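What follows is a short report on a single structure.
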Amino acid sequence: MTEEIEFILDSTKESMTGSIAHLEKEFLNIRAGKASPAMLGSVFVDYYGAQTPLSQIANLNVPDARTITIQPYEKSMLHPIEKAIMVANIGFNPMNNGDVIIISVPPLTEERRRDLAKQAKVEAEDAKVGIRNVRKDANNEIKKLEKDGTSEDICKTAEEEVQNLTNSFIRKVDELLVAKEAEIMKV
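Written as structure tokens, this is what we have:
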């Protein structure tokens, strides 16, 4: 195979791997009943005029499966952190005891579990669309090479390789989705 086709295949694999990594990151944000510091990943606090991730201005701990504690590095940040959690609209009600903020993670209802499972399906479908778009771009690049004089057999083999990559990454997305749905639906 030519160097150009090797490059196309490598960049295709890299892009598809990026789609999987993004999906895994999105799945971390879908909580499955157990407390996790990742649940607060979308919380940004106004820290001296700059929007700063909560994890950079406070220590996040999970003492048990239903509780998250937030201990700010500066005591004066207790109220801004509390406000930022409310503004983030992630369904938590923070309690401030003067030293730390305590969040009790409520158990999930059956209806909420189904909603989260649907959300996981949507994220998985988005990842599949991303993978298919990468496939389309790679096939277009291969067709350009074919027009520029690369042998038809080499291009056909490259397109088959792109399809095999696509199939394996779609299978990986499906496996991740099945695992996440099982995690969500487990009481």
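Each step along the sequence shown adds one to the number in my numbering, with nothing skipped, and position 142 is 157.
Think of the CB as a built atom: it goes at the ideal place given N, C-alpha and C, for glycine as much as any other residue.
Model, not experiment: these values are computed from the prediction.
Open item on the list: Suppose you measure from the CA of Leu38 to the CA of Lys90; what does that come to, to the nearest Å?
Closed with: Roughly 36 Å separates the two Cα atoms.
Task: Tyr62 versus Lys195, Ser166 and Pro95, residue with shortest Cα-Cα distance - done: Pro95 is the residue among Lys195, Ser166 and Pro95 whose C-alpha sits nearest the C-alpha of Tyr62.
Open item on the list: Just to confirm the assignment, what range does the alpha helix (DSSP H) spanning Ala50 have?
Closed with: Counting along the chain, Ala50 sits inside no alpha helix (DSSP H), nor does DSSP assign it H or E at all.
Task: Nearest neighbour of Asn154, chosen from Phe59, Glu174 and Ser166 [CA to CA] - done: Nearest to Asn154 by alpha-carbon distance, out of Phe59, Glu174 and Ser166, is Glu174.
Open item on the list: Given this structure, state the Cα-to-Cα distance separating Glu18 from Asp168, to the nearest angstrom.
Closed with: Spanning the alpha carbons of Glu18 and Asp168 requires a straight line of approximately 15 Å.
- [ ] Pull up the distance between the alpha-carbon of Lys28 and that of Thr181, whole angstroms please.
- [x] Computed Cα separation, rounded: 9 Å.
TODO: Could you have a look at Asn108 and say whether DSSP puts it in helix, strand or coil?
DONE: Judged by DSSP in its simplified three-state form, Asn108 adopts coil rather than helix or strand.
TODO: Tell me whether Ile72 sits in a helix, a strand or coil according to DSSP, three-state version.
DONE: Per DSSP, reduced to three states, the secondary structure at Ile72 is coil, with no helix or strand assignment.
Task: Straight-line gap, Leu93 to Ser26 (C-alpha atoms, nearest Å) - done: Straight-line measurement puts the Cα of Ser26 at about 45 Å from the Cα of Leu93.
- [ ] Kindly confirm or deny that the region 179-193 and the region 133-148 touch, where touching means at least three C-beta pairs closer than 8 Å.
- [x] Yes: the two stretches touch, three or more of their Cβ pairs being nearer than 8 Å.
- [ ] Using a threshold of 8 Å, state whether the C-beta atoms of Pro220 and Ala103 are closer than that.
- [x] The structure shown has nothing for residue 220, since the chain only spans 16 to 202.
TODO: Kindly list the residues whose CB is nearer than 8 Å to the CB of Ala36, restricted to its own chain and excluding five residues on each side of it in sequence; keep chain order.
DONE: Nothing meets the Cβ criterion.
Open item on the list: What residue range does the beta strand (DSSP E) around Val60 cover?
Closed with: First-last of the beta strand (DSSP E) with Val60: Phe59 to Tyr62.
Task: Given Ile83 as reference, the closest of Pro52, Asn44 and Ile146 once Cα atoms are compared - done: Looking at the Cα atoms, Pro52 is the closest of the given residues.
Task: Pro95: first and last residue of the uninterrupted alpha helix (DSSP H) it sits in - done: Segment Leu93 to Ala103, the alpha helix (DSSP H) holding Pro95.
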